[in-house]
């Protein structure tokens, strides 16, 4: 997408005219113009000069962003990155409000004496200078001169209005310029009439014509519209506060080490692989990796987590985060546009500049709004003048009021200001919408499809069980199986493969994988099925059970193996089996288990409360999937699907009329994320998944899926409110200005009241959009409170249980003292425990032994503490542990 800056746009009609003009240029596929950021994005192969000419011909000015960068700067990724940031800063830099404030001050400065000489003197009898008393011509000339000054101060209305009209694309400035200009020209004609009556000595007629002077209206219209424009500009600036906040996170300076010396340079000059130093309280200038030193890093600006993260050598740090404690030396790994913060800023700004589908309604109306209003004003003047036989002044008053009360700006701002605020709120809460279409669509979701691994679960599975096939080669041991498993899985990025590799590389198992001098050929990752490779001339497989049954052994042998080793029971506990085979025989199975994230069930329950259908989609086996689904309380489970099949499932739901949101984190989710109406990528996932998605959840929490949908609903609701008031304002205001209701209610408007109403309409739309900050603040704070409450409840529950345990223990101790019971504790070092299920197996086995009072097992420490009420032989305890498949050591 090519990006351009467009100058001279003042309302939604301008946006429609620019888009229409650029779309006519050959080669342009799509064009999006933003009134809020005065920017334009073009998709297509087209010459820059042709685009700029088309915009110029429409009455505006355009230039390509970044075109002022020289060739040297373009060759540096750092400079490009900061050039992009400079463009974004330029988009959201408020240069308009200061100019409008100056114009407003000067306008009011000259409007006040004008009002004094017109309405003050005529309506309230304010005193005049002696030379003006009964000198109506002098009063009229004074009013005219003051009006000319105010009109000159606000000449932009006339320049823009004239330009757009000459190009056949009248806009809001055309309406304002015509309203003020007609008032002024009519007043000049009246002034000449007054001079005529004075010349024939009929001063009373000249005095009577004073009532028909509208110089104050000509100036007041411009001043009131300028007031509205100033308020609108200020409130529009407030809608971009969140993006400005992200830009402020970028540090200006960095301390780099060159030739052993510390040098302070601009952060934009840091290059990849540079070594930089960060002291306490300083911001990280670019993305880097710590090469020496330790510190706590405040990452709240990027992740929302208030607790600093302890980091040492080898840990990554991100630009914009703050070093809290120690001095760290880092190596730059991503600079300029490649940093995480730059990507976030670019993503949010692109979304804010894009156009939501709902905006099409307002765009269509805005495109014809100004010509329609001009026709209505002409008809109004004609009806009052010829049908109702009113005087020229009355007819012009109504026609001018119609011109100045009409407001295409409110229509044009209704959608983009709400989108901008919504994007900003999302960014502050680590929810990044790539486009405004995504922001709108996600709120219309009816079905949410969730990937399992890394989305519902932690995505960091661990080996829990290793089962050898007793019918395989007699000399094949557990160590042999781990050696084969390591060789097959070491180059795979799949979470299950990583779990097995990590297990093989633990201190206890390193002896199994120290020999890596094997000849590996014909290595192949079979999508959705597993891996196969020829090792030392023999074909080995690491695959799913279905593949084993279809391609390795017959179904009876497979079923016998499953039955003999109770694999089905392990599957019911949510464990995933990976079968290892050699040629045509099963060697064994390694089972891996993943845990459900702490907030997954709560988030899924929140989605269901919103009336959404929640589906879990996974390539894992049915039994494991069912176990996870039951734990997370998912409505429907679809298992054993390959990556391409995931996309097919999404298509089926879409074809059934559902608006589908897909949430995933892996490479295998990319197709499904692209196919869904909206794809949400978990932030900790792969770059491919994040690239394919429409929304990125930086915090990798399912709770943010709920927040993303709720925020979208709030934004859509706000847009509808804005559009309603924008339409209803014009529907009520224009007939009122035309005098339609005079015969029924007696209501009418003067041009000044019409201008005041028009000036406030856009401001009200912007302020209503800013109201989203208050609404969503409650939304996000309540979710944080819920999380804190849950954590507090868990802590309290643990505390209460601990207290109960202490009371029971104290009573037990007293009873033991009375009965003379002596207690002892033995600690046993146990290998093979990988999870809480392992702990439970060991615990239950030991508790069956007479004399065992209590057992505390820890798979993390690899220890079992046994409390005894009488002497129990060590061998008895060790044998009980061995029977459960674990290895007692010391």
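Numbering (the working numbering), first residue to last: 1228 to 2117. Glycine is no exception: its CB is placed at the ideal position from the N, C-alpha and C atoms.
- If you look at residue 1713, you'll find it isn't in any beta strand (DSSP E); it sits in the alpha helix (DSSP H) that goes 1705-1716.
- CA-CA distance, residue 1717 to residue 2092, rounds to 35 Å.
- Contact check for residue 1453 against residue 1338 fails: the beta carbons are separated by 8 Å or more.
- Taking a 10 Å sphere around the C-beta of residue 1382, we find fewer than 16 other C-beta atoms and assign the residue as exposed.
- Between the alpha carbons of residue 2000 and residue 1652 lies a distance of about 7 Å.
- The residue among 1583, 1620 and 1494 with its C-alpha nearest the C-alpha of residue 1563 is 1494.
- Counting along the chain, no beta strand (DSSP E) covers residue 1755, and no H or E run does either.
- Annotated as proximal: residue 1522 and residue 1555, with beta-carbon spacing under 8 Å.
- If you check the CB distance, residue 1263 and residue 1236 do not come in under 8 Å.
- Look at the segment 1911-1972 and you find these whole runs of alpha helix (DSSP H), each 4 residues long or longer: 1914-1919, 1930-1965 and 1969-1972.
- Separation of residue 1941 and residue 1647 (C-alpha to C-alpha, rounded to the nearest whole angstrom) is 13 Å.
- Fully contained in the segment 1410-1464 are the following alpha helix (DSSP H) runs of length 4 or more, in chain order: 1430-1436.
- Segment contact: the segment 1622-1635 against the segment 1985-1998, three or more CB-CB distances shorter than 8 Å; contact assigned.
- If you look at residue 1765, you'll find it in the beta strand (DSSP E) that goes 1765-1770.
- Following the DSSP letters along the chain, one finds residue 1885 in no alpha helix (DSSP H), marked with neither H nor E.
- With fewer than 16 other CB atoms across the displayed protein chains lying within 10 angstroms of its CB, residue 1379 is exposed.
- When the five nearest sequence neighbours on each side are left out, the beta carbons in the same chain lying within less than 8 Å of the beta carbon of residue 1272 are those of 1254, in order along the chain.
- In the DSSP assignment, residue 1702 forms no beta bridge with any residue.
- Taking the Cβ atoms as the reference, residue 1545 lies roughly 17 Å from residue 1502, outside the contact range of under 8 Å.
- According to the DSSP assignment, residue 1843 belongs to the beta strand (DSSP E) that extends over 1840-1844.
- Non-local beta-carbon contacts of residue 1852 in its own chain, meaning distances under 6 Å to residues more than five positions away in sequence, involve 1845, 1864 and 1866 in chain order.
- In this structure, residue 1608 keeps its C-beta atom at 8 Å or more from the C-beta atom of residue 1641.
- Here the segment 1934-1954 makes contact with the segment 1653-1661; the two share three or more CB pairs at distances below 8 Å.
- Residue 1644: not part of any beta strand (DSSP E); member of the alpha helix (DSSP H) spanning 1635-1655, first to last residue.
- Between residue 1681 and residue 1722, the C-beta gap is smaller than 8 Å, which places the two residues in contact.
- The beta carbons of residue 1505 and residue 1684 sit about 35 Å from each other, so the pair does not count as a contact at 8 Å.
- Of 1971, 1481, 1249 and 1413, the smallest CA-CA separation from residue 1515 is found for 1481.
- With respect to the 8 Å criterion, residue 1807 and residue 1726 are not classified as neighbours on the basis of their beta carbons.
- The segment 1788-1797 and the segment 1832-1844 do not touch, with fewer than 3 CB-CB distances between them shorter than 8 Å.
- Collapsing the DSSP output to three states places residue 1866 in coil.
- One thing to note: residue 1446 has its Cβ no nearer than 8 Å to the Cβ of residue 1355.
- When the beta-carbon positions are compared, residue 1890 and residue 1549 stay at least 8 Å from each other.
- Between the alpha carbons of residue 1281 and residue 1724 lies a gap of roughly 57 Å.
- Under the three-pair Cβ rule at 8 Å, the segment 1897-1907 counts as touching the segment 1867-1886.
- If you draw a straight line from the Cα of residue 1353 to the Cα of residue 1342, it comes to about 11 Å.
- In the displayed model, residue 2088 falls within coil according to three-state DSSP, outside both helix and strand.
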